[in-house]
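Take 360 as the starting number for the sequence shown in this note's numbering and just add one per residue.
Beta carbons are placed, not taken as given, at the ideal position from N, Cα and C, and that holds for glycine.
On a predicted model such as this, the values are computed, not experimentally measured, just so you know.
I have placed the structure first, in the form of structure tokens, so that the comments after it can refer back to it.
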Amino acid sequence: MSLGAALLGLSILAGIVASIRPRRELVVVHAGTAIAAVAVLVAAFATEDWSYSYVVSATRPGLGLLVRIAGLWGGAEGSLLLFVGFVAIAALIVEKMGGESRPLTALASAYAVVTLISANPFEQLDARAVGGLGLQPVLEHPAMAWHPPILYLGLVGVMIPGLLAVGGAGDRQIRAATRVSLAFLTAGLATGAAWAHAELGWGGYWAWDPIESA
Numbered sequence: 360m361s362l363g364a365a366l367l368g369l370s371i372l373a374g375i376v377a378s379i380r381p382r383r384e385l386v387v388v389h390a391g392t393a394i395a396a397v398a399v400l401v402a403a404f405a406t407e408d409w410s411y412s413y414v415v416s417a418t419r420p421g422l423g424l425l426v427r428i429a430g431l432w433g434g435a436e437g438s439l440l441l442f443v444g445f446v447a448i449a450a451l452i453v454e455k456m457g458g459e460s461r462p463l464t465a466l467a468s469a470y471a472v473v474t475l476i477s478a479n480p481f482e483q484l485d486a487r488a489v490g491g492l493g494l495q496p497v498l499e500h501p502a503m504a505w506h507p508p509i510l511y512l513g514l515v516g517v518m519i520p521g522l523l524a525v526g527g528a529g530d531r532q533i534r535a536a537t538r539v540s541l542a543f544l545t546a547g548l549a550t551g552a553a554w555a556h557a558e559l560g561w562g563g564y565w566a567w568d569p570i571e572s573a
């Protein structure tokens with residue numbers, strides 16, 4: 360088992376236990392190991408580690424560092440892992456602010472299980488490749504480095520205010536969490552719209568993705 364898969368497995372274990380018997384230490388371990396698993400894959404993209412099947416499929420030589428790392432969320436495997444990491448961080452934030460973190464630790468653990476079983480980004484090739492295939496050319500754009508993560512942060516962040524309310528947090532904390540999540544959502548939509556306006560063939564500001572526009 361690779362280091363990334365082992366870290367993700369530990370995150371699953373800590374998250375399941377934290378969902379049953381919530382303790383801050385378990386939530387910290389859950390989030391820390393999930394973030395470490397993401398960091399392992401980030402390092403693989405940054406260093407062009409062609410021993411990973413997913414790295415080979417989602418980036419290629421000759422790209423700048425940011426666009427190369429953006430390959431992490433260019434496919435289902437990396438996107439799921441990034442989502443797990445963000446939800447685990449959200450669980451830690453909710454726990455530290457006195458909210459109800461169990462739904463988030465359970466959600467992150469469930470998606471982590473799916474990631475390991477059905478979309479494992481840490482699978483390694485029998486023989487190291489000499490290069491990667493890369494993403495579709497339309498995705499090899501600098502905006503790929505910041506638009507998806509910002510949007511993910513907004514989408515995950517909108518879960519925080521409700522769980523703070525369930526846990527009995529104060530109105531001031533709930534309002535602050537709501538403002539931050541909406542700010543990320545707004546920034547994500549704005550950067551996506553600007554990218555679609557600059558990218559030929561995507562149809563302009565709001566024609567690029569009906570789901571996000573809605």
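So what does residue 483 bridge to, in DSSP terms? BP columns for residue 483 point to 411.
Under the three-state reduction of DSSP, which class applies to residue 513: helix, strand or coil? It is helical.
Look at the alpha carbon of residue 501 and the alpha carbon of residue 493, and state the distance between them as a whole number of angstroms. Distance between the alpha carbons of residue 501 and residue 493 is about 14 Å.
Would you say residue 575 and residue 526 are within 8 Å of each other, going by their C-beta atoms? The requested residue 575 is not part of the displayed model; the chain covers only 360 to 573.
Local Cβ density within 10 Å of residue 427, reported as buried at 16 or more and exposed below that: Residue 427 is buried by the Cβ-count criterion.
Three-state class that DSSP yields for residue 520 in the structure shown: Under the three-state reduction of DSSP, residue 520 is assigned to helix.
Per-residue burial, residue 399 [other beta carbons within 10 Å of its own, 16 or more giving buried]: Buried is the call here.
Assuming residue 386 and residue 451 are in contact, meaning their beta carbons sit under 8 Å apart, how far apart are those beta carbons, in whole angstroms? Confirmed, Cβ separation roughly 5 Å.
Measure the alpha-carbon distance for residue 504 versus residue 433 and round it to whole angstroms. Taking the Cα positions, residue 504 is about 10 Å away from residue 433.
Can you have a look at residue 421 and say buried or exposed, based on whether 16 or more other CB atoms are within 10 angstroms of its CB? Exposed: under 16 other Cβ atoms inside 10 Å.
Just checking my contact of residue 381 with residue 436 at CB under 8 Å: how many whole Å lie between their CB atoms? No, residue 381 and residue 436 are not in contact; Cβ-Cβ is about 29 Å, not under 8 Å.
Anyone know if the C-beta pair for residue 540 and residue 447 falls short of 8 Å? In this structure, residue 447 does not lie closer than 8 Å to residue 540 by Cβ.
So, are the CB atoms of residue 483 and residue 412 less than 8 Å apart? In this structure, the beta-carbon distance from residue 483 to residue 412 falls below 8 Å.
The alpha helix (DSSP H) with residue 444 in it runs from where to where? Where residue 444 is concerned, the enclosing alpha helix (DSSP H) starts and stops at 435-455.
According to the neighbour-count rule (16 or more other Cβ atoms, all chains shown, within 10 Å of its Cβ), is residue 425 buried or exposed? In the assembly as shown, residue 425 is an exposed residue. Its beta-carbon has fewer than 16 other beta-carbons within 10 Å.
Element boundaries [alpha helix (DSSP H), containing residue 558]: Premise fails: residue 558 is in no alpha helix (DSSP H) and is neither H nor E.
Which stretch, first to last residue, makes up the alpha helix (DSSP H) that contains residue 461? Residue 461 -> alpha helix (DSSP H) spans 461-477.
Inter-residue Cα distance where the pair is residue 498 and residue 430: Between the alpha carbons of residue 498 and residue 430 lies a distance of about 9 Å.
Please state whether the Cβ-Cβ distance between residue 555 and residue 547 is less than 8 Å. In this structure, residue 555 lies away from residue 547, with their beta-carbon atoms at least 8 Å apart.
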